[in-house]
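**Q**
Protein chains in written order, with our numbering: chain A, 52 to 256; chain B, 52 to 256.
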């Protein structure tokens, strides 16, 4: 049975699409301004008042889309550092080197590197934020997990390799440099991580 | 020339010591309450008003000892997680395993593990806090650096080993689990770190 293209009140599909587009544009505007404020002031520094002022979207409209400040912030966080490329053309070693080089570059330049500690801080006190942070980390670790799984599937590294453990071993030292010791992530460190992981995952098979 | 034991106004050495002791007690009380509040509310959540209320020490007195809120917080931070034991009795492998087991235990239980993200967050915006955070990390990494240096001195691991790199490789994955992926630091991960570091630092000499 064909679904009528017009409602009883004459709202056409084209009109519905225009409304959807406008709603989508409002959401995108609010999220973009929220993201900018997150990078500038961190998770705890962002207020709905300031987002409304900057975006020109009324507070009531913002609250219609996101019932709480936390929900809006978490939605904006999910935009942080996405679009990580996953190389799948090379060997485990070249793929891993490419991913870690990319992560190191982002850690030293991307806006989310400045925001993340404020999310981690909020996570210590708010289980909802902690859940989202864990999810974000799953997204950021996905390229490492993927190349481990591919390399296992190709028979290149040991079957049963725990990709989560490899992610901790590969990303942990880079994160340590960026956020804890606040030292430059030098190529020698990347080299050691790649070499040692390759050796420990291919040896003793 | 002997320094007079009494001042013109008759303040005895014993009196001077009593004053010093009282001053010291005030400082200790304020720092202890600041530390507790840091663990509870994080770096940005602590106010001098609340510290004064809890400690019973007047705000004017607090400001006489620490000219700014930041100086007081940084002073309290320097108490975080100190007294790390440095094992120096075993081999590089047994010493490293003991240090990492100890760190893993502290990461999952110590109060400073909850506070650190708030300090990291403040570091992103305040260079003075960043300097203190780097210093704190130097203190926390000291046991790893020390056992690397000792093992090099004994000829057990490769000469010229960069202890800072080893600290990043050893501690990074544990920190990753505690603060980023928020997963348990399981003994299998500790095992892999110790085994791989030992192999990469003793091989190919």
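Virtual Cβ for every residue (Gly too), placed ideally from N, Cα, C.
Would you say residue 68 (chain B) faces chain A, with C-beta separation under 8 angstroms as the test?
**A** For the purposes of this step, residue 68 (chain B) is identified with residue 17 of the second chain, where counting begins at 1. No, residue 68 (chain B) does not count as interfacial toward chain A.
**Q** Quick one: is residue 195 (chain A) near chain B, going by C-beta distance under 8 angstroms?
**A** Here residue 195 (chain A) is taken as the residue at index 144 of the first chain, counted from 1. Chain B contact via Cβ: absent.
**Q** With a CB to CB cut of under 8 angstroms and the five nearest residues on each side skipped, what residues in its chain are close to residue 139 (chain B)?
**A** Reading the second chain from its first residue, position 88 is the one you call residue 139 (chain B). Cβ neighbours of residue 139 (chain B) beyond the five flanking positions: 146, 197, 198, 201.
**Q** Leaving out the 5 sequence neighbours to the left and right, which residues in its chain are closer than 7 angstroms to residue 245 (chain A) when beta-carbon positions are compared?
**A** Working through the first chain from its first residue, we reach residue 245 (chain A) at position 194. Cβ neighbours of residue 245 (chain A) beyond the five flanking positions: 144, 147, 148, 151.
**Q** Measure the C-alpha to C-alpha separation of residue 162 (chain B) and residue 89 (chain B) and round it to an integer number of angstroms.
**A** Here residue 162 (chain B) corresponds to residue number 111 of the second chain, with the count starting at 1. Here residue 89 (chain B) corresponds to residue number 38 of the second chain, with the count starting at 1. Cα to Cα, residue 162 (chain B) sits roughly 9 angstroms from residue 89 (chain B).
**Q** Is there contact here, the segment 120-136 of chain B with the segment 173-183 of chain B, by at least three beta-carbon pairs under 8 angstroms?
**A** Short answer: they touch.
**Q** When you compare the segment 64-78 of chain A with the segment 89-98 of chain A, are there three or more beta-carbon pairs, one atom per stretch, that lie closer than 8 angstroms?
**A** Short answer: they don't touch.
**Q** If we count the other Cβ atoms within 10 Å of its Cβ and call it buried at 16 or more, is residue 218 (chain A) buried or exposed?
**A** Here residue 218 (chain A) corresponds to residue number 167 of the first chain, with the count starting at 1. The residue in question, residue 218 (chain A), is buried, as its Cβ has 16 or more Cβ neighbours within 10 Å.
**Q** Between the Cα of residue 106 (chain B) and those of B:86, B:189, B:234, B:168, spot the shortest distance and give me the residue it belongs to.
**A** As a working mapping, residue 106 (chain B) is identified with position 55 in the second chain. The shortest C-alpha separation from residue 106 (chain B) is found at B:86.
**Q** Just by C-beta distance, which residues in the segment 207-238 of chain A are closer than 8 angstroms to chain B?
**A** Residues passing the 8 angstroms Cβ filter: 213, 215, 216, 218, 219, 220, 222, 223, 224, 225, 226, 227, 228, 230, 231, 232, 233, 234.
**Q** Is the segment 231-242 of chain B touching the segment 206-218 of chain A in the sense that three or more CB pairs, one from each, lie closer than 8 angstroms?
**A** Taking 8 angstroms as the limit for Cβ pairs, the verdict is that the segment 231-242 of chain B does touch the segment 206-218 of chain A.
**Q** Quick one: which unbroken alpha helix (DSSP H) runs of 4-plus residues sit fully inside the segment 191-240 of chain A? Chain order, please.
**A** 214-226, all fully within the segment 191-240 of chain A.
**Q** What would DSSP say about residue 126 (chain B), mapped onto helix, strand or coil?
**A** Position 75 of the second chain, counted from the start, is the residue given in the question as residue 126 (chain B). Note: residue 126 (chain B) maps to helix in three-state DSSP.
**Q** Helix, strand or coil for residue 184 (chain B)? Go by DSSP, reduced to three states.
**A** If you number the second chain from 1, residue 184 (chain B) lands on position 133. It is helical.
**Q** Look at the alpha carbon of residue 249 (chain B) and the alpha carbon of residue 206 (chain B), and state the distance between them as a whole number of angstroms.
**A** Taking the second chain and counting its residues from 1, one reaches residue 249 (chain B) at position 198. Taking the second chain and counting its residues from 1, one reaches residue 206 (chain B) at position 155. Those two C-alpha atoms are separated by around 13 angstroms.
**Q** Can you tell me whether residue 256 (chain A) is buried or exposed, with buried defined as 16 or more other CB within 10 angstroms of its CB?
**A** Stepping through the first chain from its first residue, residue 256 (chain A) is reached at position 205. Summary for residue 256 (chain A): the model assigns pLDDT 42, below 50, so the residue's position carries little reliability; its value from the coordinates is reported in the next sentence. Exposed, because fewer than 16 other Cβ atoms sit within 10 Å of the Cβ of residue 256 (chain A).
**Q** Could you tell me which whole alpha helix (DSSP H) segments of length 4 or greater appear in the segment 92-163 of chain B?
**A** You should have 99-106, 110-116, 120-128, 143-160.
**Q** In three-state terms, what does DSSP make of residue 243 (chain B)?
**A** As a first step, residue 243 (chain B) must be located in the second chain, where it is residue number 192. Correct three-state label for residue 243 (chain B): helix.
**Q** Measure from the alpha carbon of residue 96 (chain A) to the alpha carbon of each residue in B:66, B:112, B:169, then state which is nearest.
**A** What you label residue 96 (chain A) is simply residue 45 of the first chain in a count that begins at 1. For the residues B:66, B:112, B:169, the minimum Cα distance to residue 96 (chain A) belongs to B:169.
**Q** Report the CB separation of residue 131 (chain B) from residue 187 (chain B) in whole angstroms; it is logged as a contact under 8 angstroms.
**A** The sequence position of residue 131 (chain B) within the second chain is 80, counting from 1. The sequence position of residue 187 (chain B) within the second chain is 136, counting from 1. About 7 angstroms separates the two Cβ atoms, so the contact holds.
**Q** With H, G and I counted as helix, E and B as strand and the rest as coil, what does DSSP make of residue 177 (chain B)?
**A** Indexing the second chain from 1 puts residue 177 (chain B) at position 126. Coil, per DSSP.
**Q** Check the Cβ of residue 168 (chain A) against every Cβ in chain B and list those closer than 7 angstroms, keeping chain order.
**A** Within the first chain, numbered from 1, the residue matching residue 168 (chain A) stands at position 117. Within chain B, the residues near residue 168 (chain A) are 168, 171, 172, 175.
**Q** Secondary structure at residue 251 (chain B), three-state DSSP: helix, strand or coil?
**A** The count along the second chain starts at 1 and reaches residue 251 (chain B) at position 200. Three-state result, residue 251 (chain B): helix.
**Q** Work out the CA separation of residue 225 (chain B) and residue 232 (chain B) for me, nearest whole Å.
**A** Position 181 of the second chain, counted from the first residue, corresponds to residue 232 (chain B). Position 174 of the second chain, counted from the first residue, corresponds to residue 225 (chain B). Using only the alpha carbons, I get a separation of about 10 angstroms.
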